[in-house]
Each structure stands twice: as structure tokens, then as C-alpha cells.
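Here the protein sequences come in this chain order: H and V.
Residue numbers for the first sequence, in numbering that gives the first Met the number 0: 0 to 261.
Residue numbers for the second sequence, in numbering that gives the first Met the number 0: 0 to 261.
Step one of this worksheet: look at the structure below.
2 protein chains.
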Amino acid sequence: MRRNRAAAFPIGDHVLRKLGIFVHLDATHLAELDRLLSETMSVDSLHDIVTEGESCKHLFLLTRGWAVRYKLLSDGRRQILGFIIPGDFFGLRATLFDVADDTVQSLTDCTVCRIPGEDFVAVLRDHPRLGMAIVWSIVREYSVLAEHLVSLGRRSALERTAHLLMELLNRLQLVRLAGERDFELPLTQEILADALGLSIVHVNRTLRRLRQQGLIRLDPQSRWIIIDRPDDLAEIADFSPLYLDQGTPPADSLLKAIRSQH
Amino acid sequence: MRRNRAAAFPIGDHVLRKLGIFVHLDATHLAELDRLLSETMSVDSLHDIVTEGESCKHLFLLTRGWAVRYKLLSDGRRQILGFIIPGDFFGLRATLFDVADDTVQSLTDCTVCRIPGEDFVAVLRDHPRLGMAIVWSIVREYSVLAEHLVSLGRRSALERTAHLLMELLNRLQLVRLAGERDFELPLTQEILADALGLSIVHVNRTLRRLRQQGLIRLDPQSRWIIIDRPDDLAEIADFSPLYLDQGTPPADSLLKAIRSQH
DNA sequence: GCCCGGCATTAAACTATGTTAACGATCCGG
DNA sequence: CCGGATCGTTAACATAGTTTAATGCCGGGC
């Protein structure tokens, strides 16, 4: 299995891919985006980048590695709200409200671009089309969260796990970090458990079932997963990728209206 | 028990209360809001106002009654994402993306204001402060959804139910539809089950436990609930109301920037 | 006044998931 | 090369939650 597919693509490429889904971006936008993303930083694994309850003055873009967004109960139980992969923004709500309502933690070594809140505001003003593309990409998070909620509420452990794997496959493919049916999955079973609302042991059992049914192959050493029968997995999960890329671009009228402000 | 507390307050009053949390609104805004909300309509109970997968060209504001936002699995299982109560907006994401990713259904007779998408865009342009207040109020939905997700993933049936009741108490108080510790709860146990990710039978058992512990009183006939010991209920639920009203107003710089667009 | 449909309630049997505990593999630092 | 830490794996047992089914209450139509 090959690693580091990401290295074959320049930073920013997968971001454009994602943003371009919503809005056509021209050369000016690309240049502006390059400027915006000039301040990159490396983050060690297991480091809190945004902390629940604290203030946060920056918008972030993850360009390498994995992170999670989670909340804790007072007795230490943890629920992971969602995974953040390259091309995902985070920290906007925290910046707007001056307080984060969840914690973002790196799971691996990561690279993030930090965009000062004021700079983002400036982009919204001077390059509304680009700014809006970023906003859409963040608003879309809501759909992912909603589908995750459905999983926790109404899908069995098997269905839920299958659904998460299909979601990750689709999202990673969008930024070219997954092949047709395989990708690197740098998650321990404990992390999966916290995301799926299950115990570690049951995650283990569930993955075993998926393996035994020939649906997936999973090598814990290499942290690589092969989804042998994605269609069957999708059927088990009642997975439909629509919620991920809500194809239609946002009402162009809104863009025009905002651009033409006096 | 008195009913129809709402009737004692003019439409728009609780909305202002909510919007005012974020941004100070002056007389101009109030007048504008009045105009914006001029088109009201009545909706029967159990009517789909926004349908998953369909287009939707309006932003809605619920001013009377209850509604839910839900998604269905292909075998008919239903998960309720959240409750919509007077003062809540819905339909914005659907309008922006030209497609709704969940269904909004009335649970009781409702009154809604329908705001054509273009009008909202115009407000964003001409009264950015008001427009942004509406946007904040919608963004805040994300926090509620996240907390709901934590409930489904990591709270027991008892904790989860307690948490939902506390959330509703707090949200209804904000729009003066709840007293110090009581409110009308026009939900069947089936609806609660679909929201809590539980079976009907287990919801019944759980409510009984809460009743027997002297935490709540619930009369299914009158659909009225009294929360006798809100503090204990909050403790069981690990409930903290912070996520509901994220006190700090949004970065004023953003408002200024948008207002000063040329 | 009667019947019917929707909802709440309960019990009993069942199942999915959690808990505890043990063991094995791999990696890493000394 | 050893010893400890982390993670994955499994089995046996405990429990929370589901399913099925039966009963009762209430309100509405006729």
C-alpha cells in the first residue's frame, strides 16, 4: 500500500477542489487564497487547537493530518462530533461568537493555516465570492453533523460504523486522500468508539463482523483500510452521499446582493 | 394551569427578545422586521412545511405552535433532529443551497411568517445588523444540534430525557412560553422517542422514573409539564445552559465590515 | 350511548451493547 | 535484549434498551 498520497499534491489544491464545488473561482481568487493561507503552522498529535469555552480569534484550515471536534461530559465521557480532514475549515463559529462551543484536537501531526479573524472579514468584504465559498463549506458541516446524529439515534452499531466509513471514504476522495476504495485511517478503536457512541470492545466486535462478511479489510499496523464492497457497505448503512456535497451552488442572487452593497 | 401564555404577547415580541441577545436593534430595525414578517400563514398540524430533497425559496419564522426537523431512514425509522418553537427561524440553509436536507413538520397548529429569499437578501444588504442577527440566531442551531448529538452518543436514557426537558424549559423561557418551572409540552411519547433515539416503551419507563423520583409532574391529558426540581434534573443531565445563548455578541468588526461595503 | 382510534401504560421475553478481565502484538526507550 | 506502554482481540458476564403484546383511558363521530 502506498502512503502519503497527499504529498503528491500541492497544498491548496484539494481546498480549491472543495471550494470550487460551490462557486467558480478565478485567478484573482486563487491568488487571494494563496495570500490568505500563507501563515501555516505545524501541530503535534494530541494537541488542543481550539478549546471549548475559550475564546478564539482565528479561522483555521487543516491542510495535513486529522483532527476531531469533541465535547466532554463532566464525568469524562467524550463524544466526538466529527472528524476534520485536509481541506476542512474550523474555528469560524468560535471566532464569531468569541467563544468555542467544542474542542478541536489534532489526532496526528497536522499542518494548519491560521487566518486571523480580521483577514477573513476583509476577504468577505473585498472578495465576497471567495468569502462566501468558505462560508458555504462551513455551513455544510451542519449536514454532516445531522447525519451523524441520525446514526447515533437510529442506526445499529453495524450500520453506524458502516456509515462512518462510507462518509470518510467519500470525503477523503474529494480531496484525493482516498483511492477508489481504500484510504489511510489513523484512528484507534477508542477514537472510533467516541465518535460512534459505542464502547471500545463493541467497536472491535463490529469491525470484526464487517471484516468477516468480506466488506472491509483493515490492517491496524499500517492503519490502512480497504473497503472491498462499498456498495454493500452503503446499503447496510443506508448511506447516500447527497448530504455531503449538496450539489447545487448557493443562490447566486445572494452573492450579487452582497457584492453590490454600497 | 393557565394556557396560552403566548396570547398575552404580540407576535414579534419574543422574536425581538431572541434577536436582541446578539445585537442591539433600534426602532428602524423593528419597523423593518415588522415589514419582513407581514406575510403570515396558518399551518395545520402534521403538515410538511419544508421537505427533504425538495427546493425551498423561503426563510420561515415560527410564531405559534411547535414543529420538528427530522430525517428518515429508508426503512421508515425516523430521527428528530430538533424542535422548533416560536421565535425560531428555519429554511435558510434550504434556501441558500436550493435543497433542504431535512424535513420540517408541524406538530400542532402553527403560525409561520414566510420571508421570500430575495427579501431576506435585501435585508442583509440594507439592514445588515438585522440580517446578521437573524443569521446568528440560525448559526446557534449548530450548538443545539451538537449537544443533542452528545446526548444520543453518551448519555443514558434518563440523562438524555432530563437534558431535553431542561433544554426545552430554557428555550421556552426565553420566549416567555414557560414559567419558572412549567410549560406546555404538546408532544406524544412517540415524538419524544424519535427525538431521543429510544423506543416508545422506554420513553414511558424513563418518564415514569423521573416522575417517581419527584423530579417532574406530567399530565398527558393537559400536555402540561411541571419540573419540580430543575436543579436536580440539570445535574442528572449534566446540563449547562451556556450552549443555548452563547452570551457574547458576535464580533462587531464583522458587522462594520459588511455594512461599509462599497 | 356506543364504538373506534390514538395514546399511555405495563409486563415479559429478548437482544444489543456495555463491563470486566485477561492476553497478545507491536513499538519504544534504556 | 528487556520492560513498560499502548493498542487490538477475545470471552464471560451484566445491563440497558427493544419488541411484542395486552390493557386501559380518553375523546370524537355517529
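Note that the Cβ used here is the ideal one computed from N, Cα and C, for glycine as well.
Computed from a prediction, not measured in an experiment: that's the story for all the values here.
Can you tell me where the alpha helix (DSSP H) with residue i in it begins and where it stops?
i, result
"K340/V", "Here chain V has residues from 0 to 261 only, and residue 340/V is not among them."
"S239/V", "Counting along the chain, S239/V falls outside any alpha helix (DSSP H), and DSSP gives it neither H nor E."
"V200/V", "199–211"
"E183/V", "Where E183/V is concerned, there is no enclosing alpha helix (DSSP H), although the beta strand (DSSP E) it sits in stretches over 181–183."
"I193/V", "It is Asp, not Ile, that sits at residue 193/V in the sequence shown. Its alpha helix (DSSP H) spans residues 188–195."
For the beta strand (DSSP E) containing residue i, list its first residue and its last residue.
i, result
"P115/V", "109–115"
"T50/V", "Run containing T50/V: none; DSSP gives neither H nor E here."
"V22/H", "Neither: V22/H is in no beta strand (DSSP E) and is coded neither H nor E."
"V42/H", "39–42"
"R175/V", "Premise fails: R175/V is in no beta strand (DSSP E) and is neither H nor E."
"L217/H", "215–218"
"L60/V", "57–63"
Along chain H, in chain order, which residues have C-beta atoms closer than 9 Å to that of residue i?
i, result
"D101/V", "S142, A145"
How would you call residue i, buried or exposed, if buried means at least 16 neighbouring beta carbons within 10 angstroms?
i, result
"T102/V", "buried"
"Q220/V", "exposed"
"R258/V", "With a pLDDT of only 47 at R258/V, under the threshold of 50, the placement of this residue in the model should not be trusted, and no figure is reported."
"S198/V", "exposed"
"L45/V", "exposed"
"T62/H", "buried"
"H23/V", "exposed"
"K56/H", "exposed"
"L29/V", "exposed"
"R68/V", "buried"
"H174/H", "The displayed chain sequence assigns Val, not His, to residue 174/H. By the 10 Å Cβ count, V174/H comes out buried."
"G213/V", "exposed"
"E53/H", "exposed"
"E189/H", "exposed"
"E140/V", "buried"
"E146/H", "buried"
"R210/H", "exposed"
"T160/V", "buried"
"M131/H", "buried"
"T27/V", "exposed"
"S150/V", "buried"
"D207/H", "The sequence given here has Arg at residue 207/H, not Asp. It counts as exposed."
"H13/H", "buried"
"M165/H", "buried"
"E183/V", "buried"
"A7/V", "Unreliable positioning characterises A7/V in this predicted model, as indicated by a pLDDT of 34, which lies under 50. A coordinate reading is not provided."
"G19/V", "exposed"
"G75/V", "exposed"
Starting from residue i, find everything on chain V with Cβ-Cβ shorter than 7 Å and list it in chain order.
i, result
"Q92/H", "Strictly speaking, residue 92/H in this sequence is Arg, with Gln absent from that position. By Cβ distance, chain V contributes V138, Y141."
"L80/H", "A145, L148"
What in chain V is Cβ-close to residue i, meaning under 8 Å?
i, result
"L72/H", "V149, R153, R154, D237"
Can you pull the chain H residues whose beta carbon is under 7 Å from the beta carbon of residue i, in chain order?
i, result
"R76/V", "R153"
"L29/V", "Correct list: empty, because the minimum Cβ distance to chain H is about 22 Å."
Can you name the residues of chain V whose CB is closer than 9 Å to the CB of residue i?
i, result
"L129/H", "The contacting residues do not exist; L129/H stays about 14 Å from chain V at best."
Which residues of the segment 191–203 of chain V have a Cβ closer than 7 Å to any Cβ of chain H? Give them in chain order. G196
What residues in the segment 37–49 of chain V have a beta carbon less than 7 Å from any beta carbon of chain H? none
Complete beta strand (DSSP E) runs within the segment 82–169 of chain V (minimum length 3 residues, chain order): 102–105, 109–115
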